[in-house]
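Since the structure comes first, as structure tokens, the remarks are kept for the end.
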Amino acid sequence: MRVCFKNNALLAFTLTCIVMVLLGCKKDPSPPLSPEKALNSFVLADDDLQIQLVAAEPLVQDPVAISFDEGGRLWVVEMLGFMSDIDGTGEKDRVGRISVLFDDDNDGQMDRGQIFLDSLVLPRALAVIQGGALVAENIPLWHVEDTNGDFKADTKTLIDSTYGGSGMPEHSANGLWRGMDNWHYNAKSKYRYRNIDGEWVRDETEFRGQWGIVHDDAGRLFYNYNWSQLHADLVPPNALMRNENHTPSSGIDHGLTLERRIFPIRSNTAVNRGYVPGTLDEKGRLLEFASACGPLIYRGDVLPDTYRGNAFICEPTANLIKRNKITEEGFMLSAQGVYKDREFLASTDERFRPISLASGPDGGLYVVDMYKGIIQHGPYMTPYLREVTLERKLDKPIHMGRIWRITSKKKNREKPIDLSKADSKTLVNLLGHPNGWTRDMAQRLLVEKGVPIAKELKEVIEKGNPLAQLHALWTLEGLGLAQPDVLLPALRSEDPKVAQAALRLISGKDSDHVDVEKEVTEFIEETYDKVAPLLQMQMVLESSQIHTEIAFDIAQKFLSRFGQLPIARDVVMSSLENREAALLKMLLAESEWKIYDQAKEIFIEMLATAIANKGSDEEVQHMLAFTQDKMPENQLWIKNAMINGMLNSKGSNDEGEIALLRKPALLKNEALLEALLQKLTWPGKPKRQLTTKKAEHKVDPQLFALGRQKYLNLCANCHGTQGEGISRFAPPLKNSEWVTGADYRLAMILLHGMEGPVTVNGKEYGIPDILPSMPSFSTLQNEDIAAISTYIRNTWGHSQKPLSAGAVGHIRFRTQGQVTPWKATELDTLVFDKDL
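Numbering (the working numbering), first residue to last: 72 to 907.
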């Protein structure tokens with residue numbers, strides 16, 4: 072087999088022609104269907120479900136996001152300026168708008184609409200709030216108010232002039248999702264927003280996702296990327312950002328599944344990557360996700376109970392929605408497709424474009440269907456897609472759109488509760504409602520009302536169901552009433568998610584009447600061994616607030632049980648700011664930490680890196696002295712871990728060096744001297760004359776350090792911490808032609824995995840010497856794959872050109888459709904562009 076990719080117009084045209092011929096593509100247009108005919112195009116995987124029309128053009132046009140308000144009215148973001156023709160003419164025209172739709176007779180279908188705000192450039196998201204909405208336009212974020220209740224905007228206040236970033240629709244901030252913790256979170260963004268004392272505040276958080284963001288019943292955030300269908304936070308937002316000496320690389324943006332295969336029920340030739348061999352099957356159907364977006368965790372009460380907590384993912388280019396079951400094991404999450412060879416919802420209508428999903432006040436699952444022929448933004452449209460689009464006349468008509476609702480046939484639709492005039496007592500009682508939308512709305516309204524109802528909420532925390540308790544806790548937080556006397560009893564809840572929330576909220580609090588630190592310390596010390604892993608994790612995260620002896624005790628226990636997981640190591644590190652040296656000293660005195668274990672080696676290296684980043688002269692000098700002590704051969708791994716930690720640190724000065732106050736009175740080992748001299752600096756240090764040949768390329772030290780960190784977390788378990796390979800797991804990477812050879816080949820292996828047997832440095836490795844295959848790392852960001860590649864190509868004596876994130880993105884694009892691991896023979900005969 073020989074696969075060739077050459078980046079030139081002639082080959083692109085040739086591939087287009089070949090693909091069109093092989094797939095038997097016709098030039099017949101794909102006409103738009105009426106809503107009634109479109110209904111007949113849908114195939115639901117479960118016979119006991121039904122799909123119904125909620126709204127269609129002209130009532131709604133080019134919808135991209137929706138949200139229900141407390142009165143059950145449907146707010147719609149309409150992006151009328153997006154790709155009005157094949158060239159994207161008039162994209163910046165002020166034709167976008169926010170509309171409000173009304174169901175006057177409560178039959179579930181919208182009867183009329185009202186334009187709330189118009190003259191917008193490519194609006195992307197909104198959050199309905201008291202008296203109006205937050206609206207994300209092309210780049211700015213606005214607070215828009217309706218001062219007289221006529222559902223027309225009266226005032227428009229700028230919140231953030233840089234919210235949207237680049238302004239590219241699929242690569243700009245969006246979402247405005249109100250999390251359970253009362254912050255508004257965003258996809259494709261590292262910021263969250265909240266109104267505090269009448270002022271909108273922007274706070275930095277971890278970067279998440281691409282299009283769409285939601286939370287589950289525990290408040291955990293979920294999102295995705297067009298190539299990777301489902302990611303989630305395993306830890307609370309910002310929890311791993313507490314230690315300035317440590318950069319976490321797990322816990323946030325955790326890929327829940329490597330599954331990329333999809334099962335459309337029609338041809339999808341009008342897809343941007345359709346010309347790439349392997350993107351489409353023999354019937355022209357898309358093989359894997361190309362535009363995963365708009366995730367939703369179903370929390371309603373209308374679909375069967377088996378749907379609760381399931382994740383639904385939009386795939387507009389393949390005209391379908393995928394369903395995943397979420398599995399929770401301790402504090403880890405994973406996902407698996409529910410159906411073997413079909414999808415939750417698929418359509419034979421080429422213009423069915425599910426962009427986002429939403430829960431409704433009636434418990435239904437709502438689908439936002441942009442109903443548009445052109446779904447690809449102009450700058451990314453290939454000549455192939457342009458040709459197919461025009462031939463099939465997908466560029467016209469424009470300004471259509473539908474909203475659909477999926478419910479159970481066995482349950483009659485109940486009239487949604489109108490919460491617009493509900494009093495505080497009613498809202499408090501709804502915090503435990505079976506429909507997640509209702510619980511979220513009750514919490515939001517209680518916080519916005521600002522009525523001091525601590526007594527009522529305390530009763531819910533004491534007697535309510537776990538869902539009610541969670542929302543009551545966060546309602547107290549939103550009202551500024553989350554005091555220790557309420558939170559401390561909640562720590563003893565039998566539900567670990569409730570206890571976790573209480574522990575999060577009580578962290579750092581003080582009271583004149585309660586010794587909070589003492590109470591929390593006693594709670595952790597008495598119950599750690601008895602509680603669920605999720606709560607154990609939170610105890611470790613909050614242990615920076617308690618006595619060092621107890622904090623270190625539970626850290627050791629946590630590492631002993633979960634230390635093989637990267638997230639466990641990051642959780643411990645995040646709780647250790649400025650206490651890393653103390654924990655390292657204690658661990659080195661423990662007999663069990665003298666016995667080699669890869670997880671221990673990695674953690675000691677992480678501690679050493681954090682100590683070097685902190686830059687305390689005393690602490691670094693102590694580590695250097697330790698590396699000079701004589702140790703048994705079987706404990707030399709400890710020295711090496713500390714040395715590697717220092718070498719791979721970001722340093723303590725602007726040059727990336729570890730700055731000391733004085734010259735180390737050691738460095739007797741020549742190998743150590745050579746390795747550390749360039750990293751260490753001190754007053755009067757002589758400049759070293761380098762006689763070695765100048766490197767042909769420069770490696771960014773920050774990228775190199777990130778690559779080492781990612782490598783330890785993701786690759787070392789099989790390939791060894793020094794690339795030496797591990798018997799029965801994986802071959803060596805040191806001196807491997809797969810590492811030092813063509814950079815595109817290495818990136819392809821990381822993106823899609825590789826099957827054995829494989830020859831490395833003249834030796835063949837196969838079963839049982841190694842595992843049958845290396846897994847895919849397709850859920851990783853391009854930047855992460857570039858960092859890992861750059862690291863392993865420039866360590867262990869290697870010196871190869873770094874790989875950029877852009878190059879990885881290009882390779883990912885060109886290898887779309889590769890859903891199984893590569894065989895060594897395939898990669899041996901594959902040719903790719905030399906200049907990426």
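Glycine residues also receive a C-beta, built at the ideal position from the N, C-alpha and C atoms.
Excluding the five sequence neighbours on either side, which residues of its own chain have a C-beta within less than 7 Å of the C-beta of Lys481, listed in chain order?
Asp119
Does the count of Cβ pairs from the region 352-361 and the region 285-299 closer than 8 Å reach three?
yes
Taking 8 Å as the threshold, find out whether the region 137-157 comes into contact with the region 443-460 through three or more Cβ pairs.
yes
Within 10 angstroms of its Cβ, does His823 collect 16 or more other Cβ (buried), or is it exposed?
buried
Assuming contact is defined by CB atoms lying nearer than 9 Å, are Cys385 and Gly449 in contact in what I supplied?
no
Measure the CB-CB distance between Ser646 and Leu612 and report whether it falls below 9 Å.
yes
Alpha helix (DSSP H) runs contained entirely in the region 477-545, provided each spans 4 or more residues:
495-500, 507-520, 525-534
If distances are taken between C-alpha atoms only, which option among Lys526, Asn500, Asp352, Gly551 comes closest to Asn253?
Gly551
Cutoff 6 Å; reference Thr861; Cβ partners in own chain excluding five residues on either side
Leu774, Gly778, Pro873, Leu874
Roughly how far, in whole angstroms, is the beta-carbon of Val569 from the beta-carbon of Gln540, given that I think they are within contact range, below 8 Å?
5 Å
Should Val602 go down as buried or exposed, given a rule of 16 or more other Cβ atoms within 10 Å for buried?
buried
Which of the three DSSP states is assigned to Asp566 in this structure?
coil
Looking only at its chain, what residues have a beta carbon closer than 7 Å to the beta carbon of Arg650, apart from the 5 residues adjacent to it on each side?
Thr619
Report buried or exposed for Leu490, applying the criterion of at least 16 other Cβ atoms within 10 angstroms of its Cβ.
buried
Terminal residues of the beta strand (DSSP E) in which Ala289 lies:
Ala289 -> no beta strand (DSSP E), and no H or E assigned at all.
Under 9 Å between the Cβ atoms of Leu785 and Pro637?
yes
Arg168 and Asp140: beta carbons closer than 9 Å?
no
Residue span of the alpha helix (DSSP H) that contains Cys789, given as start and end
787-790
Neighbour-count burial assignment, Asp556, 16 or more Cβ in a 10 Å radius
exposed
At the level of alpha carbons, what is the spacing between Ile488 and Ile675?
56 Å
Determine the DSSP secondary structure at Asp352, reduced to helix, strand or coil.
coil
Compare the C-alpha of Pro432 against each of Phe383, Arg249, Lys486 and name the closest.
Lys486
Can you list, in chain order, the residues of its chain with a C-beta nearer than 6 Å to that of Gly322? Leave out the 5 residues immediately preceding and following it.
Leu305, Val306, Leu311, Ile638, Asp641
Is it true that the CB of Met825 sits closer than 9 Å to the CB of Ile898?
Sequence inspection shows Leu at residue 898; the Ile mentioned does not correspond to that position. Contact flag set, yes.
Where Gln871 falls, given that 16 or more other Cβ within 10 Å makes a residue buried
buried
Within 8 Å, do at least three Cβ pairs link the region 379-393 to the region 426-442?
yes
Close-in-space but distant-in-sequence residues of the same chain around His869 (CB under 6 Å, 5 per side omitted):
Thr811
Just to confirm the assignment: which complete alpha helix (DSSP H) runs, minimum length 4, are found wholly within the region 693-727?
707-718
If you drop the 5 nearest sequence neighbours on each side, which residues of the same chain put their C-beta closer than 7 Å to that of Arg344?
Thr350, Ala361, Phe884, Gln887
Within this structure, are the beta carbons of Val166 and Leu191 separated by less than 9 Å?
yes
Residue ranges of each alpha helix (DSSP H) run of no fewer than 4 residues wholly in the region 609-672, ordered along the chain?
619-633, 637-645, 651-659
Does DSSP put Asp176 in a helix, in a strand, or in coil?
coil
What is the DSSP secondary structure of Gly812, counted as helix, strand or coil?
coil
Terminal residues of the continuous beta strand (DSSP E) containing Phe800?
Segment: none, Phe800 is in no beta strand (DSSP E) and carries neither H nor E.
Does Ala429 have its Cβ less than 9 Å from a Cβ in chain B?
Of the protein chains in this structure there is only one, and it is not chain B.
What do you get for Asn257, buried or exposed, if any count of 16 or more other CB atoms within 10 angstroms of its CB means buried?
buried
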